[in-house]
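Enquirer: The following block contains the structure, expressed as structure tokens.
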Amino acid sequence: MRMHPKKHLPERLERCGALYITQTEGLRGNWGSAVFQNANPICVEIGCGKGNFITGLAQRHPDINYIAFEKYKNVLVTAMEKAQALHLTNVRFLSDDAADLEKLLAAGECERIYLNFSDPWPKNRHAKRRLTHPSFLALYKAVLPSGGQIHFKTDNQKLFEYSLNTFSDFGLRLHNITFDLHGSDFEGNIETEYETQFSQQGFPIYRCEVLFD
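Oh and the sequence shown: position 79 is 79 in this note's numbering, straight run, nothing missing.
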């Protein structure tokens, strides 16, 4: 279904100013110096939605830089307005998706990737679109250093099981696997909008961490 543009969307995007990265030429390999103007670690969220997770993370870790990808500008603008209201200086936003990752980040430039409640693409013929498909894992490997991580959360059991298999088949190490995040003793969780909605409806939240050697 086509999403209709929000009222005054261009003006709202423009008001987000420096938080919104629209010109990416020359940034690959230079995000720290050219954008954040520091040498702090960089982490990425792919599909940031309305920004609850990434803004919470940026608040909690001011010494880490965050890049948030969200291809839908209608949704992205809400995330940027949250970051702007919080006066965050360590997060930037792009209207891009995971397929562009290697074009925007150099090898080892990103230390961690967050995948939160990605589209499960339940039909087998659409498996290549899942963000935990081996083709995407290869993209992540290209921008992560040795020891880099993926932190993955979903409410979809079948996607989680599929992802555990693809991670394992790709030769990745799995840590902190839980089939009920909110019922576990995991500390420091920051909820996304979807996570709050699904957990309030009684659905379990699945989570794991993946390490690249």
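Even glycine gets a Cβ: it sits at the ideal position worked out from N, Cα and C.
#1: Just verifying my parser: in three-state terms, what is the DSSP assignment at residue 79?
#2: Just to confirm, is the Cβ distance from residue 211 to residue 164 under 9 Å?
#3: Count the other CB atoms, across all protein chains shown, that sit within 10 Å of the CB of residue 149; report buried if there are 16 or more and exposed otherwise.
#4: Could you pull out every residue in the same chain whose Cβ sits closer than 6 Å to the Cβ of residue 82, ignoring the five residues on either side in sequence?
#5: Taking 7 Å as the limit between beta carbons, can you name the residues of its chain near residue 109, skipping five residues before and five after?
#6: Would you mind working out which of 59, 45, 190 and 147 sits nearest residue 71, comparing C-alpha positions?
#7: Does DSSP put residue 27 in a helix, in a strand, or in coil?
#8: Identify the continuous beta strand (DSSP E) that holds residue 193 and give its terminal residues.
#9: What residue ranges within the region 94-134 form continuous alpha helix (DSSP H) runs of no fewer than 4 residues, ordered along the chain?
Expert: Concretely, from the data shown:
#1: On the sequence shown, residue 79 is found 79 positions in, with the first residue counted as 1. The DSSP-derived three-state label of residue 79 is helix.
#2: Position 211 of the sequence shown, counting from 1, holds the residue named residue 211. Position 164 of the sequence shown, counting from 1, holds the residue named residue 164. No. Outside cutoff.
#3: Taking the sequence shown and counting its residues from 1, one reaches residue 149 at position 149. Buried.
#4: Position 82 of the sequence shown, counted from the first residue, corresponds to residue 82. Only 51 and 55 meet the Cβ criterion.
#5: Here residue 109 is taken as the residue at index 109 of the sequence shown, counted from 1. 29, 31, 42 and 143, listed in sequence order.
#6: Within the sequence shown, the letter at position 71 stands for residue 71. Per the Cα distances, 45.
#7: By one-based count along the sequence shown, residue 27 stands at place 27. Three-state DSSP puts residue 27 in coil, outside helix and strand.
#8: Here residue 193 refers to the residue found at position 193 when the sequence shown is read from its first residue. Not the beta strand (DSSP E): residue 193 falls in the alpha helix (DSSP H), residues 193-200.
#9: Taking 4 residues as the minimum length, the alpha helix (DSSP H) runs contained wholly in the region 94-134 are 101-104, in order along the chain.
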